[in-house]
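J.: Reading the sequence shown from the start, the letters are residues 26 to 160 in the numbering used here. Every residue, glycine too, gets a C-beta built ideally from N, C-alpha and C. If you're wondering where the values come from, they're calculated on a predicted model, not measured in any experiment. Structure below; questions to follow.
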Amino acid sequence: MRRTTTCRRSGTTTLETALVLPAFLVFVFGVIEFGHAQMLSNVLKSATRIGARLGATDGVSTSEVEARVNQVLATVVNPALVQVIVKDASDFDSGSSFDASSIDYSSLSDVEVSQAEPRDLFLVRATLPYSSVSL
C-alpha cells in the first residue's frame, strides 16, 4: 500500500520545482542587478566628489578634473561611455530655492576651474547610460 502512494506523488517535487525555481531565479538576478546599479551609482558619486575636491585646489584645470573623474571611473566602467561635465554653478548661489530635477545642467555655462575665483561655485557631473553597463 505504501508503494502505491509513493508512486502517485513522484512528480510533485518536479512540479513544485518547475513552479518555484523561475520566480526564485528572477528574484536572485534582480537582487544582483539592483546591487550592480547601486554600486555604479556610488562610484559615479564618489568620482564626481573626488573631481570636485581636486577642482577646488589652486592651479588645477578643468581637463585635469575631468581626467581624474575618468580615472576613478575606469576601475568600474569604460570611461568612453561616461560624459563628464564641469559647469559654472553660480546661478545656484542666489539663495532662492529651485527644483533640482528640472534643471538642464548641460545648458549651464562652462567654467575653467583654474581661473575661477575663490568661493566660486562649480559642479562636476558624470552621466552614464545604464543600458550600456547593465548586466
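Could you give the residue range of the alpha helix (DSSP H) that holds V68?
T.: T37 to G80 is the extent of the alpha helix (DSSP H) around V68.
J.: R150 and T87: beta carbons closer than 8 Å?
T.: The answer is no: Cβ separation not under 8 Å.
J.: Starting from Q108, follow the beta strand (DSSP E) in both directions and report where the run begins and ends.
T.: Per DSSP, Q108 belongs to the beta strand (DSSP E) from Q108 to D113.
J.: What does A151 pair with, by DSSP beta-bridge criteria?
T.: BP columns for A151 point to V109.
J.: Please report the Cβ distance between D161 and D113, rounded to the nearest whole angstrom; I am assuming they are in contact, meaning their Cβ atoms lie under 8 Å.
T.: Residue 161 cannot be examined here, being either before or after the span of the chain that is shown, 26 to 160.
J.: Residues in its own chain within less than 7 Å of S139 by CB, not counting five upstream and five downstream?
T.: Taken in chain order, the residues that qualify are G84, V85 and S86.
J.: Under 8 Å Cβ to Cβ from D145, same chain only, skipping five residues before and after it: list those, please.
T.: If we look at D145 and ignore the five residues flanking it on each side, its Cβ neighbours are D113, S115 and V136.
J.: With DSSP collapsed to three states, give me the class of D118.
T.: Correct three-state label for D118: helix.
J.: CB V56 to CB V101, shorter than 8 Å?
T.: Not in contact: V56 and V101 (Cβ atoms no closer than 8 Å).
J.: Tell me whether L153 is buried or exposed, calling it buried when 16 or more other Cβ atoms sit within 10 Å of its Cβ.
T.: It counts as buried.
J.: Compare the Cα-Cα distances from A125 to each of L148, G76, G36 and F52 and report the closest residue.
T.: Closest option to A125, Cα to Cα, is L148.
J.: Please report the straight-line C-alpha distance between G120 and I110, rounded to a whole angstrom.
T.: The alpha-carbon atoms of G120 and I110 are separated by roughly 24 Å.
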